[in-house]
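> Residue numbers (my numbering), protein chains in the order written: chain A, 808 to 1172; chain B, 42 to 385. The beta-carbon is built from N, C-alpha and C at its ideal position, and this holds for glycine as well. Please read all numbers here as calculations on a predicted model, not as lab measurements. Provided herewith is a single structure, encoded as structure tokens, for subsequent inquiry.
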Ligand code: SF4
Ligand code: SF4
């Protein structure tokens, strides 16, 4: 059995070490490219949301590398994700692939059950299992810490591109690390390297928050590298979702004291008073939270036709008005191009800079 | 004077209107319904909602606005779920908040949350609580519930006799007692029209799809014409439980039609950007294809033109006629091939 899984940002680093640690043979799909997407677009329903199209491409490319089993989460609605596993299976079947699909359905909602399910496949020892989980978790946290750093350094660096070089190197090193000690040092090295990046302290840096649907937020291929572009435009970026806090919230029952979207969810009222599937409520709540934390603007990103985010978008105009914060919504699909995105981001960033400037002069007077 | 409660002629109207009408009227309210969808309602809806919203939701905005100045209360419930363990659509769950965030100058909104995901009891409780806003006598509210349930049952029963929801509403309104089967004229084909009721039965939205098919000599069957327990039973066969109520019914109907030889082709009517349909229509098409059942998908948005739809329907019916002559497809009547049981 060779097991694979869909890409979602840097998830593969933790997923790989977890599954390998459980004694399974893992095929990480090749990084998402245009080819991945066009494979998916060719065979997926025309109007399905973007993540499924990319998932499908991932599986097909992983199959070329020998993968025969897919592991993916299930769901019980109301958004489409809960049916992804089934639809993907039907599509792959019709195409003649013979994939076995392991679906992690809730209520296997807590982590132990998920792990036990995976363990049933590999018959590894308890010790091995605990070790695998621990390593995966530390890698996940290390990656997030590095991501949070690069999101800030990009905005200040004086030779654009350096921060990203360090970031890519860091991911490689974290992936290579075998022990928790190695992970720790890999992380430490990067953070130091970031501190040595030459910066322009006079830059008029602004702070933007990215909110929206989890996949487009986490997968740079799906969001056209939006974080990198924003960094280049002199904006520090913070996301509403990081993988480690998502895992803590949804699989560990928030037992670890870290930033949580639960709080953001509560802040969605009175604007949105009900759960709407996907991350719609988190999107609205996070927008409120970030604006109260003093961010300069909010960018919502989501796949085109994403129901929960369309609900959120309808409500964000009100949030923008009442919380007095600029909000922009960007939908991604297979037709989105990086050039168009950059133009929109430039306009948004300029508008915020101008707004800040006029506020400053107003207070001086 | 009795309070005027406004109900938009959109979305859940096509499924639950008799229930709400009976309920509110029993409690002494006057029910006001917006006019059938028209150009103006559509345009206002398109203008006031976000671009990415689906057509039925856009139209819902239009209907709400057309009621705005004519009623004392707007009934815009949050229909999370109308049965156990199934939802309708994420957009239904955000609807009242969406309306409130975008439209101003609205009369007070009744936006109670109806959620039967955890069972029917909670649902009934919500309805009774809603009633207490109109009347203080618990007995009367309970009787209103009974009355509403009776009306809804009749409405659903009429549909299983072959009436569309619109026709069933008319029969109910005229108070015709005899419940005869709908008279069917000669027809050359029987076509299943699948999709969400608020799209296929809204003539303006669906660009008269059903009417055109009738004109082309086809008899129409829809999921609503089949008893719900039959649909449930068929949907049980899906390898994964379907968690959208309408999706379950549509797929249940499709599976039923694929097993019987009654239907000659599927016309699936959907709207641009509909999340659930992107899954349901695709599955329906796969299952139909595996069985050799003719299938077309009609995707509508606010720019769709009637002429284009007619052309496609004509071509489809022509194709059915040619097939009928050559008898060159296998009717799988009586065989029990698993349509959706792929190897997993
Ligand atoms: S959250 Fe949006 S993008 Fe994700 S599966 Fe649901 S509808 Fe699709
Ligand atoms: S089911 Fe489809 S058409 Fe209906 S509200 Fe949801 S997205 Fe719109």
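Output the distance between the C-alpha atoms of residue 371 (chain B) and residue 359 (chain B), rounded to the nearest integer angstrom.
Start at 1 with the first residue of the second chain, and residue 371 (chain B) comes out as number 330. Start at 1 with the first residue of the second chain, and residue 359 (chain B) comes out as number 318. Low per-residue confidence applies at residue 371 (chain B): pLDDT is 48, beneath 50, and the placement is therefore not dependable, though the value from the model is reported in the following sentence. In a straight line, the C-alpha of residue 371 (chain B) is about 18 Å away from that of residue 359 (chain B).
> Which runs of the beta strand (DSSP E), 3 residues or longer, sit entirely within the region 225-295 of chain B?
Counting only runs of 3 or more, we get 230-235, 259-262.
> Does DSSP put residue 1110 (chain A) in a helix, a strand or coil?
What you label residue 1110 (chain A) is simply residue 303 of the first chain in a count that begins at 1. The answer is strand: DSSP assigns residue 1110 (chain A) an E or B state.
> Beta strand (DSSP E) containing residue 1014 (chain A): first to last residue?
Counted from its first residue, the first chain places residue 1014 (chain A) at position 207. That run of the beta strand (DSSP E) goes 1013-1019.
> CB of residue 1024 (chain A) to nearest heavy atom of ligand 1: below 8 Å?
Locating residue 1024 (chain A) in the first chain gives position 217, where the first residue counts as 1. No - ligand 1 has no heavy atom lying nearer than 8 Å to the Cβ of residue 1024 (chain A).
> Taking CB distances under 9 Å as the criterion, tell me whether residue 1174 (chain A) reaches chain B.
Outside the displayed span of chain A (808 to 1172) sits residue 1174 (chain A), for which this structure offers no information.
> Counting only Cβ pairs nearer than 7 Å, list the residues of chain B close to residue 1118 (chain A).
Taking the first residue of the first chain as position 1, residue 1118 (chain A) is located at position 311. By Cβ distance, chain B contributes 131, 132, 135, 139.
> Would you grab the beta carbon distance between residue 305 (chain B) and residue 311 (chain B) for me? Rounded to a whole angstrom, and I think it's under 8 Å.
In the second chain, residue 305 (chain B) corresponds to position 264, counting from 1. In the second chain, residue 311 (chain B) corresponds to position 270, counting from 1. Contact flag wrong, Cβ pair sits at about 20 Å.
> Does any residue of chain B have a CB that is nearer than 9 Å to the CB of residue 878 (chain A)?
Your numbering for residue 878 (chain A) matches position 71 in the first chain. Judged by the 9 Å Cβ criterion, residue 878 (chain A) is not in contact with chain B.
> Do we get a CB-CB distance below 9 Å when we pair residue 126 (chain B) with the residues of chain A?
The residue given as residue 126 (chain B) occupies position 85 in the second chain. The Cβ of residue 126 (chain B) sits closer than 9 Å to at least one Cβ of chain A.
> Interface residues of chain A around residue 94 (chain B) at Cβ under 8 Å?
Locating residue 94 (chain B) in the second chain gives position 53, where the first residue counts as 1. Within chain A, the residues near residue 94 (chain B) are 1117, 1121.
> Given that residue 852 (chain A) touches chain B, what residues does it touch there, using C-beta distances under 8 Å?
Residue 852 (chain A) sits at position 45 when you count from the first residue of the first chain. Within 8 Å of the CB of residue 852 (chain A), the CB atoms of chain B belong to 319, 320, 322, 323, in sequence order along the chain.
> Determine whether the beta carbon atoms of residue 961 (chain A) and residue 1043 (chain A) lie at a separation below 9 Å.
By one-based count along the first chain, residue 961 (chain A) stands at place 154. By one-based count along the first chain, residue 1043 (chain A) stands at place 236. In this structure, residue 1043 (chain A) lies closer than 9 Å to residue 961 (chain A) by Cβ.
> How about residue 266 (chain B) and residue 204 (chain B): are their beta carbons less than 9 Å apart?
Position 225 of the second chain, counted from the first residue, corresponds to residue 266 (chain B). Position 163 of the second chain, counted from the first residue, corresponds to residue 204 (chain B). Closer than 9 Å, so yes.
> Any C-beta of chain B sitting closer than 9 Å to the C-beta of residue 901 (chain A)?
Reading the first chain from its first residue, position 94 is the one you call residue 901 (chain A). For residue 901 (chain A), the answer is yes, since a Cβ of chain B falls inside 9 Å of its Cβ.
> So that I know if they touch, is there some Cβ in chain B lying closer than 9 Å to that of residue 1132 (chain A)?
What you label residue 1132 (chain A) is simply residue 325 of the first chain in a count that begins at 1. No, residue 1132 (chain A) does not count as interfacial toward chain B.
> Can you tell me which of B:238, B:112, B:194 puts its alpha carbon nearest to the alpha carbon of residue 72 (chain B)?
In the second chain, residue 72 (chain B) corresponds to position 31, counting from 1. Measuring from the Cα of residue 72 (chain B), the nearest candidate turns out to be B:112.
> Whose Cβ in chain B lies nearer than 7 Å to the Cβ of residue 1072 (chain A)?
In the first chain, residue 1072 (chain A) corresponds to position 265, counting from 1. Those do not exist, as residue 1072 (chain A) stays about 14 Å from chain B at its closest Cβ, beyond 7 Å.
> Closest to residue 42 (chain B) by CA distance: which of B:62, B:49, B:70 is it?
Numbered from 1 along the second chain, position 1 holds the residue referred to as residue 42 (chain B). Comparing Cα-Cα distances from residue 42 (chain B) to each of B:62, B:49, B:70, the minimum goes to B:70.
> Distance check for residue 302 (chain B) and residue 1123 (chain A), CA to CA, integer angstroms please.
Taking the first residue of the first chain as 1, we reach residue 1123 (chain A) at position 316. Taking the first residue of the second chain as 1, we reach residue 302 (chain B) at position 261. Using only the alpha carbons, I get a separation of about 50 Å.
> How about residue 1065 (chain A) and residue 1106 (chain A): do their beta carbons lie closer than 9 Å?
As a first step, residue 1065 (chain A) is located in the first chain; it is residue number 258 there, counting from the start. As a first step, residue 1106 (chain A) is located in the first chain; it is residue number 299 there, counting from the start. Cβ distance not < 9 Å, so residue 1065 (chain A) and residue 1106 (chain A) don't count as in contact.
> Please decide whether residue 332 (chain B) counts as near chain C, where near means a Cβ-Cβ distance under 9 Å.
Among the chains of the structure shown, chain C does not appear; the protein chains present are A and B.
> Along chain A, which residues have their Cβ under 9 Å away from the Cβ of residue 353 (chain B)?
Taking the first residue of the second chain as 1, we reach residue 353 (chain B) at position 312. Near residue 353 (chain B) there are no residues of chain A at all, since even the closest Cβ is about 16 Å away, more than 9 Å.
> Please confirm whether residue 62 (chain B) has its beta-carbon closer than 9 Å to some beta-carbon of chain A.
As a position in the second chain, residue 62 (chain B) is number 21, starting the count at 1. Closer than 9 Å: no.
> Residues of chain B with a CB under 8 Å from the CB of residue 1111 (chain A): which are they?
On the first chain, residue 1111 (chain A) is found 304 positions in, with the first residue counted as 1. Neighbours of residue 1111 (chain A) on chain B, chain order: 93, 314.
> Helix, strand or coil for residue 69 (chain B) per DSSP?
Numbered from its first residue, the second chain carries residue 69 (chain B) at position 28. The answer is coil: DSSP assigns residue 69 (chain B) none of H, G, I, E or B.
> For residue 812 (chain A), name the three-state secondary structure that DSSP assigns.
Taking the first chain and counting its residues from 1, one reaches residue 812 (chain A) at position 5. The answer is coil: DSSP assigns residue 812 (chain A) none of H, G, I, E or B.
> Under 9 Å between C-beta atoms, does residue 204 (chain B) make it to chain A?
To locate residue 204 (chain B), count along the second chain from 1; it is residue 163. Among the residues facing chain A, residue 204 (chain B) is not included, as its CB has no counterpart in that chain under 9 Å away.
> List the endpoints of the continuous beta strand (DSSP E) containing residue 309 (chain B).
Counting from one through the second chain, the residue named residue 309 (chain B) turns up at place 268. Residue 309 (chain B) -> beta strand (DSSP E) spans 306-312.
> Helix, strand or coil for residue 883 (chain A)? Go by DSSP, reduced to three states.
Position 76 of the first chain, counted from the first residue, corresponds to residue 883 (chain A). Reduced to three states, the DSSP call for residue 883 (chain A) is coil.
> Is the closest heavy atom of ligand 3 to the C-beta of residue 240 (chain B) under 8 Å?
Summarising the ligand content, the structure contains ligand 1 and ligand 2 and does not contain ligand 3.
> Kindly indicate which residue of A:883, A:1084, A:1052, A:1093 has the alpha-carbon position closest to the one of residue 1076 (chain A).
Within the first chain, numbered from 1, the residue matching residue 1076 (chain A) stands at position 269. Out of A:883, A:1084, A:1052, A:1093, A:1093 has the C-alpha closest to the C-alpha of residue 1076 (chain A).
> Could you give the DSSP three-state label for residue 904 (chain A): helix, strand or coil?
Position 97 of the first chain holds residue 904 (chain A). Coil, per DSSP.
> For residue 796 (chain A) and chain B, any beta-carbon pair shorter than 9 Å?
The structure shown does not extend to residue 796 (chain A), since chain A is modelled only from 808 through 1172, so no value can be given for it.
> Kindly examine ligand 1 and report whether one of its heavy atoms sits closer than 8 Å to the Cβ of residue 893 (chain A).
Within the first chain, the letter at position 86 stands for residue 893 (chain A). Flag unset: Cβ of residue 893 (chain A) not near ligand 1.
> Once you ignore the five residues that flank residue 384 (chain B) on each side, which residues in its own chain have a CB closer than 6 Å to its CB?
Within the second chain, residue 384 (chain B) is the residue found at index 343, counting from 1. Here the model assigns residue 384 (chain B) a pLDDT of 40, short of 50, so the residue's position is not dependable, and the following value carries that caveat. Result list for residue 384 (chain B): empty, nothing under 6 Å.
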